[in-house]
Amino acid sequence: MKKPHGFSSKSLVRPILGIGILIVVVVIYNLFNRPNSSYVEHFSNNNADVKMFYVDWCGHCKTTKPGYRQFMQQYNDTQVNKKNVRVEMINCEENETNAQLASQYNVKGYPTIIATVDGHNYVYANSDKSAEGFGTWLKSLL
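Quick look at the structure:
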């Protein structure tokens, strides 16, 4: 008896295997040949961004602001160790954009001070809330 002509499971193995291998190659190529954001930031911008996330009603924020403002005056739009420094204060309740930014940075309490250097975030955990304390911390990261 003659077998009917048509597709068999064996005839589909090679094309499916070939497509699977092609997909894996494309995924690997894209992973290694597309610069990620930290790579782009490091080589194109060479920035160090420092952000203080705060809210107006917070007592700790109120005591931190004077030293941070002085730090901001000293370091914003300067260069430290060949890094362009940008320092800013973000009121998390001022508008939706600021609230979303705080969420992106995973801010859980106030004030939260985060420096982004070479694509990595560093949270300020020192009790020294002076301009000198913030400056020393920033220099240690650069």
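Position in the sequence shown (from 1) plus 6 gives the number in our numbering.
We treat Cβ as the ideally placed atom computed from N, Cα and C, and that holds for glycine.
C-alpha of M78 to C-alpha of V93: approximately 6 Å in a straight line. The three-state reading of DSSP puts K135 in coil, since its state is none of H, G, I, E or B. With at least 16 other beta carbons inside 10 angstroms of its own, K89 counts as buried.
Relative to C98, the option among K145, D62, K68 whose CA is nearest is D62. Nearest to Y128 by C-alpha distance, out of S109, N101, S146, is S146.
Spanning the alpha carbons of N87 and V123 requires a straight line of approximately 12 Å. If you compare the alpha carbons of T118, Q80, Q85 with that of L148, the shortest gap goes to Q85.
Apart from the 5 residues on each side of it in sequence, G73 sits with its Cβ closer than 6 Å to the Cβ of K135, S136, A137 in its chain, given in chain order. The DSSP-derived three-state label of N87 is coil. Collapsing the DSSP output to three states places E94 in a strand. DSSP, read as helix, strand or coil, puts K114 in coil. The three-state secondary structure of Y60, taken from DSSP, is strand. The beta-carbon distance between F59 and Y130, rounded to whole angstroms, is 11 Å. This is too long to meet the 8 Å contact definition.
Nearest Cα to D55 within the set V91, F140, S109, E100: V91.
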